[in-house]
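Undergrad:
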Amino acid sequence: MTKSIRVFYGKEHGLIGRKRLDFKWGIHPPITPLSIVHVSAAEATEHGAGYVIGPNGDALQEFIFSLGDADVWVSNVSPHSGGVAFILHVAAAGPVDVVVTITVEDGMPQQFRAT
Numbered sequence: 001m002t003k004s005i006r007v008f009y010g011k012e013h014g015l016i017g018r019k020r021l022d023f024k025w026g027i028h029p030p031i032t033p034l035s036i037v038h039v040s041a042a043e044a045t046e047h048g049a050g051y052v053i054g055p056n057g058d059a060l061q062e063f064i065f066s067l068g069d070a071d072v073w074v075s076n077v078s079p080h081s082g083g084v085a086f087i088l089h090v091a092a093a094g095p096v097d098v099v100v101t102i103t104v105e106d107g108m109p110q111q112f113r114a115t
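Here the sequence shown stands for residues 1 to 115, where the numbers follow UniProt numbering.
And the structure:
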């Protein structure tokens, strides 16, 4: 089954420019170098507990995605045993809140060498 997680990095992390991040995730089955992993990122706005409410009235997340002035993107996604490393790019005048979504697919990809 495909699994996803969202990681909120507040302004206090000082994410500006190019940052190497490594997220270790203890899911089963674990992430391996052969895993299919997608990582995306976006600027966010923190609103505190219970800002996004689910259909049963449960607080689901404390932030919303926002199309602010920062350009935020991910490159060089590199799965490894137990996690994934990636480069987070934040082009902004100062630190911004960022949300990273990590998705791990089931199975392994077919391999092909371009000629």
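Beta carbons are placed, not taken as given, at the ideal position from N, Cα and C, and that holds for glycine.
Keep in mind the model is a prediction, meaning the values are calculated, not measured.
Below 8 Å on the Cβ atoms is my guess for D106 versus A44; work out the distance and round it to an integer in Å.
TA: With a Cβ gap of about 28 Å, D106 and A44 do not count as contacting.
Undergrad: Can you tell me which of G68, K24, L34 and V37 puts its alpha carbon nearest to the alpha carbon of A93?
TA: G68
Undergrad: Nearest CA to the CA of H47: which residue from Q61, S35, A41 and P29?
TA: Minimum Cα distance to H47 is reached at Q61.
Undergrad: With DSSP as the reference, label E105 as helix, strand or coil.
TA: coil
Undergrad: Please go through the same chain and pick out, in chain order, the residues whose beta-carbon is closer than 7 Å to the beta-carbon of D22, but skip the five residues on each side of it.
TA: Within the same chain, D22 has close Cβ partners G83 and A85.
Undergrad: So is L34 buried or exposed if we call it buried at 16+ other beta carbons inside 10 Å?
TA: Exposed, since its Cβ has fewer than 16 Cβ neighbours within 10 Å.
Undergrad: Have a look at the DSSP bridge pairing and note the partners of A42.
TA: V99
Undergrad: Give a yes or no on whether the C-beta atoms belonging to A42 and F63 are separated by under 7 Å.
TA: no
Undergrad: Can you tell me whether I102 is buried or exposed? The criterion is at least 16 other CB atoms within 10 Å of its CB, across all chains shown.
TA: buried
Undergrad: Just to confirm, is the Cβ distance from V104 to V37 under 7 Å?
TA: yes
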